[in-house]
Amino acid sequence: MKEASETGLSNARNQIPDILPGTWENTHSASRGIRKVVLRVNEDQLRVQIYGAGDQSLCDWGEVGACFFDHQACVHEAMAFTAFYDFDFMESQLLAHVKLGVLVIAKFDRFKDQSGRSNYFSREFFYRVD
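Here you go:
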């Protein structure tokens, strides 16, 4: 998978606020998409681990680096991030931000296989559990 650090985007001036790192669960417990998100900081880099809905249990997408963004040009405190997952059959681009304590994730899925499935967009909402 391509890491955020490989995109050439820098987070040098941004600070990761305390509200981002932690475990977030989907407000819709029966979601067939993303069920849980774990955000953590490692050496000033935001790391994202996604758990999707599976048949019997959660499906671990793995951990990737994220590129984070300020909510204003002059305020150096990240409130949004992007992350990219590249699977053999599909790419998922995540665009996320925190609004009123809720993590909002917009997911753009593009299929790379020859399945004939349409690319699609979804948006899900998460509350922090720790």
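Position in the sequence shown (from 1) plus 311 gives the number in the numbering used here. C-beta: ideal position from N, C-alpha, C; glycine also.
Taking the continuous beta strand (DSSP E) assigned at residue i, which residues delimit it?
i, result
"N337", "333-337"
"L405", "401-410"
Rounded to a whole number of angstroms, what is the C-alpha to C-alpha distance between residue i and residue j?
i, j, result
"L320", "F395", "Only weak support is given to the placement of L320: the predicted model assigns it a pLDDT of 44, under 50, and the value that follows is read from those uncertain coordinates. The alpha-carbon atoms of L320 and F395 are separated by roughly 13 Å."
"L369", "Q326", "31 Å"
"K418", "F432", "6 Å"
"H339", "V413", "13 Å"
"D424", "N430", "11 Å"
"I361", "D381", "22 Å"
"A377", "I330", "16 Å"
"R448", "Y438", "Examination of residue 448 is not possible in this model, given that the chain is present from 312 through 441 alone."
Does the Cβ-Cβ distance between residue i and residue j come in under 8 Å?
i, j, result
"V359", "V375", "yes"
"G363", "G344", "yes"
Please identify the residue among the options whose C-alpha is closest to the C-alpha of residue i.
i, options, result
"V415", "Q425, F436, C378, N430", "F436"
"R346", "V352, W335, Q356", "W335"
"F398", "R421, V352, D355", "R421"
"G373", "S403, A391, V440, Q367", "S403"
"P328", "Q367, D371, H408", "H408"
"L411", "M390, Q356, D371, D355", "M390"
"A341", "F392, Q367, R428, D371", "Q367"
Report buried or exposed for residue i, applying the criterion of at least 16 other Cβ atoms within 10 angstroms of its Cβ.
i, result
"F400", "exposed"
"N337", "buried"
"A323", "Confidence in A323 is poor, its pLDDT being 48 and thus under 50, which makes the residue's placement too unreliable to answer from."
"V440", "exposed"
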